[in-house]
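Asks:
Number of protein chains: 2
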Amino acid sequence: MINDSREIRRGTLGAVQVRFFTFDSLKLESGEKIGPVTIAYETYGLLNKDKTNAVLITHALSGDAHAAGVHEGKDDPGWWDALIGPGKAFDTEKYFVICSNVLGGCKGSTGPASTNPKNGKPYALDFPLIGINDIVNAQKRLVDQLGIEKLLSVVGGSMGGQQVLSWLSRYPQKLRSAIPIATTIRHSPQQIAFNEVGRQAIMADVHWKSGNYYDGPHPSQGLAVARMIGHITYMSDKSMAEKFGRDKKDAGEHFKFTADFEVEGYLRYRGDSFVKRFDANSYLYITKAMDNFDASGGRRFDDVLRGIKVKVMVISFKSDWLYPAYQSKEIVRACKLAGVETTYCEVDSSYGHDAFLLEVDEETYLIKHFLKKIFYAYEVTGDYGA
Amino acid sequence: MINDSREIRRGTLGAVQVRFFTFDSLKLESGEKIGPVTIAYETYGLLNKDKTNAVLITHALSGDAHAAGVHEGKDDPGWWDALIGPGKAFDTEKYFVICSNVLGGCKGSTGPASTNPKNGKPYALDFPLIGINDIVNAQKRLVDQLGIEKLLSVVGGSMGGQQVLSWLSRYPQKLRSAIPIATTIRHSPQQIAFNEVGRQAIMADVHWKSGNYYDGPHPSQGLAVARMIGHITYMSDKSMAEKFGRDKKDAGEHFKFTADFEVEGYLRYRGDSFVKRFDANSYLYITKAMDNFDASGGRRFDDVLRGIKVKVMVISFKSDWLYPAYQSKEIVRACKLAGVETTYCEVDSSYGHDAFLLEVDEETYLIKHFLKKIFYAYEVTGDYGA
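Chains A and B supply the protein sequences, listed in that same order.
To convert, count from 1 in the first sequence and add 68; that's this note's numbering.
To convert, count from 1 in the second sequence and add 68; that's this note's numbering.
1. Quick one: measure Cβ to Cβ for residue 308(A) and residue 338(A), integer angstroms, because I've assumed they're closer than 8 angstroms.
2. When the Cα of residue 323(B) is compared with those of 194(A), 175(A) and 388(A), which residue comes out closest?
3. Just to confirm, is the Cβ distance from residue 107(B) to residue 197(B) under 7 angstroms?
4. Do residue 303(A) and the ligand FAD come close, with the Cβ less than 6 angstroms from some heavy atom?
5. Taking Cβ positions only, does residue 193(B) come closer than 7 angstroms to chain A?
6. Counting only Cβ-Cβ distances shorter than 8 angstroms, please list the residues of the segment 251-273 of chain A near chain B, keeping chain order.
7. Can you give me the C-alpha to C-alpha distance between residue 452(B) and residue 246(B), rounded to a whole angstrom?
8. If you count every other CB in all the chains shown that lies within 10 Å of the CB of residue 179(B), and 16 or more means buried, which is it?
9. Go ahead and pull the three-state DSSP assignment for residue 440(B).
10. Excluding five sequence neighbours on each side, which residues of the same chain lie with their C-beta closer than 8 angstroms to the C-beta of residue 236(A)?
11. Counting contacts by CB-CB distance shorter than 7 angstroms, is residue 363(A) in contact with chain B?
12. Residues of chain A with CB closer than 8 angstroms to the CB of residue 308(B), please, in chain order.
13. For residue 250(A) versus residue 158(A), is the C-beta spacing smaller than 7 angstroms?
14. In three-state terms, what does DSSP make of residue 80(A)?
15. At a CB-CB cut-off below 8 angstroms, which residues of chain A make contact with residue 300(B)?
16. Over what stretch of residues does the beta strand (DSSP E) that includes residue 379(A) continue unbroken?
17. How far does the alpha helix (DSSP H) with residue 455(A) in it reach, from first residue to last?
18. Who are the Cβ neighbours of residue 350(B) in its own chain at under 8 angstroms, not counting the five residues just before and after it?
19. Check whether the segment 409-423 of chain A touches the segment 79-96 of chain B, counting contact only when three or more Cβ pairs, one atom from each stretch, lie closer than 8 angstroms.
20. Within this structure, are the beta carbons of residue 207(A) and residue 168(A) separated by less than 7 angstroms?
21. Indicate whether at least one CB of chain A lies closer than 7 angstroms to the CB of residue 443(B).
22. Compute the distance between the beta-carbons of residue 136(B) and residue 109(B), then report whether it is under 7 angstroms.
23. Could you tell me whether the Cβ of residue 197(B) comes closer than 7 angstroms to any Cβ of chain A?
24. Sort 120(A), 298(A) and 116(A) by Cα distance to residue 129(A) and report the nearest one.
25. State the DSSP-derived secondary structure class of residue 414(B), mapped to helix, strand or coil.
26. Would you say residue 203(B) lies against chain A (beta-carbon separation less than 7 angstroms)?
27. Cβ closer than 7 angstroms: which chain B residues qualify as neighbours of residue 296(A)?
28. With a cut-off of 8 angstroms, do at least 3 Cβ pairs link the segment 144-155 of chain B to the segment 256-265 of chain B?
29. Residue 352(A) and residue 267(A) - do their beta-carbons sit closer together than 7 angstroms?
30. Which residue wins for smallest C-alpha separation from residue 217(B), given the options 228(B), 224(B) and 116(B)?
31. Give me whichever residues DSSP pairs with residue 139(A) in a beta bridge.
32. Candidates 427(A), 302(A), 340(A) and 357(A): which alpha carbon is nearest residue 389(A)'s?
33. On the CB-based measure, 16 or more other CB atoms within 10 Å of its CB, does residue 445(A) come out buried or exposed?
34. Measure the C-alpha to C-alpha separation of residue 279(B) and residue 348(B) and round it to an integer number of angstroms.
35. In the segment 330-395 of chain A, which residue ranges form an unbroken beta strand (DSSP E) of at least 3 residues, counting only runs that do not cross its ends?
36. Tell me which residues share the same chain as residue 88(B) and place their Cβ nearer than 8 angstroms to its Cβ, disregarding the 5 neighbours each side in the sequence.
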């Protein structure tokens, strides 16, 4: 046993692999049916005998099932590797951590790029419109399949947080606790607007062809523009100023509208690298699911939550202007009004919305202690005793 | 004489017309020369005998010379009609108001869509890169041509404010006063980033063709996306929430990614209408001029301003997150350090950056009194006595 907690936090999971769970069909909230459905997922750590130590991680817009560790022969760790592993916030020596790619995604789960069984071609826009609740319903099938009656926690930031709220409002009996991070009950017009402009950029790309681009060039330039818009909204004015200032890039190939400033080069790079790993139609479907989502289902959110026995910790970040703290406070207010035991923390960060991926120390501290308390409570009460 | 000031403020100029001033050539800050140069401009009110009552209005990114009144046979008033006219903030019964379209623009002044005298074709990307200082140098030629030795004031918001700062730092001897509104000494990386994504959207449009689109379809979809991004940044989270909420549009033609929400429909409408009146290459050149501008010229801005005899009023708006108040305060601080007589007002508005066009009552109050004081001071001192 290593006693230096810093060392432990740096401990890594090593090689991990993605698995696939396929089921016949899923009825969507729209009434449509889709099937077969495959959900790509990864797990880290071991499920205990009583299956009381499972934590579900839900990913954001551009995330996937690969939340931690590395894939054989590759170097890139998962997107939340800083928080998942031996001794980390989600301590894989204690907990069994699950992360799955969302329905509608393009990283192994069924989405618009998957084969439509009706005609053997990619679904493209024949893929049905999905909602955050459908994404969660597919996750629930996976959790059920793993034989887990009750999750110790469901945790996610941004769109991941929307999924947490969907779980919380519709399947509270499946949860001990929930941690929505930098998220909202429903998108504001400004949040919808940024997504809409991204969608417009994709659909304006001549290669988009109403979604039927899979046998030719993809709408990469449109998708890159959408991603660039996203990146601006993920950072704060201050973090951009600190990272780039008004520094100019080294002179290279030059024409009138070259990326002169560092920030321009950064955005172009992030846009270009994104198109190699993401499907434009998935971007359309997933952002639409985010925009349409309303965790309150048109009621008062506190009415939806009344009487549930889930412990909630809400986390927001001071400089996050895309999912501003006031939206997290609305979640907290509804929880309190509903009598739900709720902790709130607004982390003093300058990273903007990206903070949920970057404020590792703060999140580790908050999540580690919160989970330990929840987990220990079962051990003592014996509900799911060891 | 009508005594109800509200009535007077609603007084309109009636029909106005655009004029053109052409001169042989302009040497640009880059060292390049361009010529001939035409500057489109409008004037309202009468220049007094001693030419002491001239106010220059400088326009923002998408503005033009048509700041007030209406053109014969058309209904649309100029972009700042609420502030310019008999009895208004810029009282045309007292002042002679000038507004010109910027160099590089597409509303009558020489720009990338103009004919290149070298080959008889539109300049397109053969148009030289221009800066805010070049735009101001062309304006100065117009002001000189009108025989005005000293402007009573130069006033503008956003990119118009950048021009005001260029005048202030380089031609203080030509000014009695200056009113920079919702502007900045230099763009932050966030401001550059939003412009850059707009440029990328234009250049990603298959019709852009490296700028050579004038004899075929224009890159309208790319330009519309750029404009939509702009509109989001011009409004505040709050003003969007108040204007649109999460209201859905009336059902009409429907496909999966129709604009369902009011805010989506609004953005698409604003994007589509913009492309009918604006040239995509102008958008590239002008936004690049904004991004490259630094009123301090690489020095300390207070050093640049030291010793000048211009009275300054700086105006910002609380909810403006594109040109946040801290940037206006940097202007004020530099002015104060330089010993320049400076007034600052942060208007409590929820309109975001658009406030400089919408907060008519506040701006009228501030500007009217400020200008009266400046104008009256000359009358009394007799410098330019009546």
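In this text, a Cβ means the ideal position worked out from N, Cα and C, and glycines have one as well.
Replies: Let me lay it out:
1. As a working note, residue 308(A) is residue 240 in the first sequence. As a working note, residue 338(A) is residue 270 in the first sequence. Wrong, their Cβ atoms sit about 13 angstroms apart, outside the cutoff.
2. Here residue 323(B) is taken as the residue at index 255 of the second sequence, counted from 1. Closest by alpha carbon: 194(A).
3. Locating residue 107(B) in the second sequence gives position 39, where the first residue counts as 1. Locating residue 197(B) in the second sequence gives position 129, where the first residue counts as 1. The answer is no: Cβ separation not under 7 angstroms.
4. No copy of the ligand FAD occurs in the structure displayed, which carries no ligand at all.
5. On the second sequence, position 125 is the one that residue 193(B) refers to. Interface residue, yes.
6. 254, 255, 256, 257, 258, 260, 261, 262, 264, 265, 267, 268, 269, 271, 272 and 273
7. Working through the second sequence from its first residue, we reach residue 452(B) at position 384. Working through the second sequence from its first residue, we reach residue 246(B) at position 178. Below a pLDDT of 50, predicted positions are generally treated as unreliable, and residue 452(B), at 45, falls in that range; no measurement from the model is reported.
8. Along the second sequence, one-based indexing puts residue 179(B) at 111. By the neighbour-count rule (16 or more Cβ atoms within 10 Å), residue 179(B) is buried.
9. To locate residue 440(B), count along the second sequence from 1; it is residue 372. The answer is helix: DSSP assigns residue 440(B) an H, G or I state.
10. Taking the first residue of the first sequence as position 1, residue 236(A) is located at position 168. Once the five neighbours on either side are set aside, the close Cβ partners of residue 236(A) are 222, 243, 246, 248, 363, 373, 376, 378 and 380.
11. Here residue 363(A) refers to the residue found at position 295 of the first sequence. Taking Cβ atoms only, chain B never reaches closer than 7 angstroms to residue 363(A), which makes this a no.
12. Here the question's residue 308(B) lines up with position 240 in the second sequence. Per Cβ cutoff of 8 angstroms: 256, 257, 258 and 261.
13. Mapped onto the first sequence, residue 250(A) falls at position 182. Mapped onto the first sequence, residue 158(A) falls at position 90. Cβ distance not < 7 angstroms, so residue 250(A) and residue 158(A) don't count as in contact.
14. For the purposes of this step, residue 80(A) is taken as residue 12 along the first sequence, with counting starting at 1. It is coil, neither helix nor strand.
15. In the second sequence, counting from the first residue as 1, residue 300(B) sits at position 232. Going along chain A in sequence order, the residues near residue 300(B) (Cβ under 8 angstroms) are 258, 261, 262 and 265.
16. Walking along the first sequence from the start, residue 379(A) turns up at place 311. Residue 379(A) -> beta strand (DSSP E) spans 379-385.
17. Nothing in the structure corresponds to residue 455(A), since chain A is present only between 69 and 454.
18. Position 282 of the second sequence, counted from the start, is the residue given in the question as residue 350(B). 172, 173, 174, 179, 180 and 181, listed in sequence order.
19. no
20. Within the first sequence, numbered from 1, the residue matching residue 207(A) stands at position 139. Within the first sequence, numbered from 1, the residue matching residue 168(A) stands at position 100. Yes; because the gap between Cβ atoms is below 7 angstroms, this pair is in contact.
21. Start at 1 with the first residue of the second sequence, and residue 443(B) comes out as number 375. By this cut-off, residue 443(B) is not an interface position.
22. Walking along the second sequence from the start, residue 136(B) turns up at place 68. Walking along the second sequence from the start, residue 109(B) turns up at place 41. Their beta carbons are not under 7 angstroms apart, which means residue 136(B) does not touch residue 109(B) by this criterion.
23. Taking the second sequence and counting its residues from 1, the one referred to as residue 197(B) is at position 129. Interface residue, yes.
24. As a working mapping, residue 129(A) is identified with position 61 in the first sequence. Closest option to residue 129(A), Cα to Cα, is 298(A).
25. Taking the second sequence and counting its residues from 1, one reaches residue 414(B) at position 346. Strand at residue 414(B).
26. Against the second sequence, residue 203(B) aligns to sequence position 135. Not one chain A Cβ lies under 7 angstroms of residue 203(B).
27. Within the first sequence, residue 296(A) is the residue found at index 228, counting from 1. Result: 265 and 268.
28. no
29. Taking the first sequence and counting its residues from 1, the one referred to as residue 267(A) is at position 199. Taking the first sequence and counting its residues from 1, the one referred to as residue 352(A) is at position 284. Cβ atoms of residue 267(A) and residue 352(A): closer than 7 angstroms.
30. Position 149 of the second sequence, counted from the start, is the residue given in the question as residue 217(B). It is 116(B) whose Cα lies nearest to the Cα of residue 217(B).
31. In the first sequence, residue 139(A) corresponds to position 71, counting from 1. For residue 139(A), which the question treats as bridged, DSSP gives the partners 84(A).
32. Walking along the first sequence from the start, residue 389(A) turns up at place 321. Sorting 427(A), 302(A), 340(A) and 357(A) by C-alpha distance to the C-alpha of residue 389(A) places 302(A) at the top.
33. Here residue 445(A) refers to the residue found at position 377 of the first sequence. With fewer than 16 Cβ atoms within 10 Å of its Cβ, residue 445(A) is classed as exposed.
34. The residue you call residue 279(B) lines up with position 211 of the second sequence. The residue you call residue 348(B) lines up with position 280 of the second sequence. Roughly 8 angstroms separates the two Cα atoms.
35. 379-385, all fully within the segment 330-395 of chain A.
36. Translated into the one-based positions of the second sequence, residue 88(B) becomes position 20. Once the five neighbours on either side are set aside, the close Cβ partners of residue 88(B) are 106, 107, 108, 109 and 176.
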